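Taking it in order: structure first as structure tokens, then the write-up.
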Amino acid sequence: MKNALAVLSVVVSLAFASLAGAADSTAKTTLSIKGMTCGGCVAAVKVQLKRTVGVTAYDVSLDKAEADVTYDPGKTDPKKIAESVS
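In terms of our numbering, the sequence shown opens at residue 8 and continues consecutively.
This is the structure we're talking about:
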């Protein structure tokens, strides 16, 4: 019984460690987006970013004409993200 509990606690510890490692496997990029002139443009960019596989978070600024994007580098890259919003 003690061995089973020890093995279970090791498995649970490894599961949490892998989840913590997964959270750290993100990268950030800033895209310059020319031609955004209104809130509708911002909404359209957000829709495309939401649909892009690997994008985990984003902040689109009309004033700066930029999008700050957090993504999983194992699933996408800045070039693919830029292509998704162009």
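Glycine included, each C-beta is placed from N, C-alpha and C at the ideal position. Predicted model, so just to flag it, every value in this text is computed and none were measured.
Skipping 5 residues on each side, what residues in its chain have a beta carbon closer than 8 Å to that of residue i?
i     : result
GLY46 : LEU69
THR77 : THR33, ALA34, LYS35, VAL62, THR63, ALA64 and TYR65
Just confirm the distance between the C-beta atoms of residue i and residue j, as a whole number of angstroms; I'd bet it's less than 8 Å.
i     : j     : result
ILE40 : GLU90 : Not really, about 13 Å apart at Cβ, beyond 8 Å.
VAL60 : THR83 : 6 Å
Once the 5 residues before and after residue i are set aside, which same chain residues still bring their CB inside 7 Å of it?
i     : result
GLN55 : SER91 and VAL92
VAL1  : In the structure as shown, the chain starts at 8 and stops at 93, and residue 1 therefore has no counterpart that could be examined.
Leaving out the 5 sequence neighbours to the left and right, which residues in its chain are closer than 6 Å to residue i when beta-carbon positions are compared?
i     : result
LEU38 : ALA74 and ALA89
PRO80 : ALA34
How would you write the range of the beta strand (DSSP E) that residue i sits in, first residue to last?
i     : result
LEU38 : 34–39
VAL67 : 62–68
By the DSSP assignment, the alpha helix (DSSP H) with residue i in it spans what residues?
i     : result
ALA89 : 85–92
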